[in-house]
Amino acid sequence: MIGNLSLDQLRILVTIAETGSFSATGRHLRRAQSAISQSIATLESVQGVRLFDRSGHRPTLTEVGRVLVVQARAVLASAAQFEAMAASTAAGVEPELAIAIDPLVPSAPLIESLRALREAFPYLAVSFSTEGLGGAERRLRNGDAAVALCTLIPTVPDDVIALPLLSVDLRPVVASGHPLAMLDRPATSADLKPFVQLVLSDPVAPDGPSYGVTGSHQWRFVDLARRLDFLLAGFGWCRMPEHLIADHLASGRLVPLELTAELQRTPDTLTIYAAHMQDRALGKAGRWLLDDLTRRLCVG
């Protein structure tokens, strides 16, 4: 019961609206027509409204009846979802799956995997957040995310279970009109020193350690898109994920920046991991997602 009405009464109301008659509703629900009529009469009496005009050959919804049928459908749909979610949880599926990703994670394969997750677990509540550098691991640690897709620099922590999914190639680049683009030889530290390096950094600790920093003249960014805007505008140089700059390299807006061996000590690839905390077991959906991502992306 919901207050003074039942889901059965609402189901009967909606079925009458769909079939057009009390008798058809009785046949559809395998009830006597008298039981259908009594259920609606009770509903009208208790709620103090007239749902149907019975003056014609067939009952027709009154104005308030039409409005309440819409509400009844919504209540029935919500009840069905409640039952489905309860059954899913009883089968080992977590009620909610929170996912956090670092900015370096490519979108395309992740979109496909999340679409498959939605199809496999239609009643699963999924929350999703894109974080600044280091943010996905931080959300994992504080319990705001069950799964993080992230870099783990410098190494995988002992309390984290991490599956390597893919490698992201980082390429030093500069806008075609930037002075560094005119060099006809590999750039040295002295060549880079006068110019701004556009650095991706942790928004919570922007002055903390950053990956691949050279020199002291840096502009710091917490998202890749804005850093790319300033890169294309010629404000500095940086290492960018190749999948994000391929079109700009092809068009000539960006050019590769060759560096001397001294500056190439920083690896030109980063590993993206699917990670979860060792002391927090994933539910059925979380395990399914990791398996699906591994099948699609695993670097072996």
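Using my numbering, the letters of the sequence shown map in sequence onto residues 3 to 302. Glycine is no exception: its CB is placed at the ideal position from the N, C-alpha and C atoms. All values reported here derive from a predicted model rather than from experimental measurement.
- Quick one: what's got a C-beta closer than 6 angstroms to R117's C-beta in the same chain, skipping five residues either side? none
- From A81 to R141, what does the alpha carbon distance come to, in whole angstroms? 32 angstroms
- Query: By how many angstroms is the C-alpha of L259 removed from the C-alpha of Y125?
  - Reply: 48 angstroms
- Which one or two residues does DSSP pair with W221 in a beta bridge? L200
- Item | Same chain, Cβ closer than 7 angstroms to S25, neighbours up to 5 away in sequence not counted | Q35
- So, using beta-carbon positions, are L295 and S115 closer together than 9 angstroms? yes
- Message: I need the boundaries of the alpha helix (DSSP H) containing H245, first residue and last residue.
- Response: E244 to S253
- Check whether L261 and P188 have beta carbons under 9 angstroms apart: yes
- Query: Around the C-beta of A287, are 16 or more other C-beta atoms found within 10 angstroms, so that it is buried, or is it exposed?
  - Reply: buried
- Message: Distance check for H30 and F130, CA to CA, integer angstroms please.
- Response: 42 angstroms
- Would you kindly report the start and end of the unbroken beta strand (DSSP E) that includes L185? Where L185 is concerned, there is no enclosing beta strand (DSSP E), given that its DSSP letter is neither H nor E.
- Task: Specify the secondary structure class of F24 as computed by DSSP and reduced to three states.
- Result: helix
- Along the alpha helix (DSSP H) that carries F123, what are the first and last residues, could you check? Segment: none, F123 is in no alpha helix (DSSP H) and carries neither H nor E.
- Item | Enclosing beta strand (DSSP E) for S8 [first to last residue] | Per DSSP, S8 belongs to no beta strand (DSSP E) and is neither H nor E.
- Query: Measuring CB to CB, does T190 end up less than 9 angstroms from E264?
  - Reply: yes
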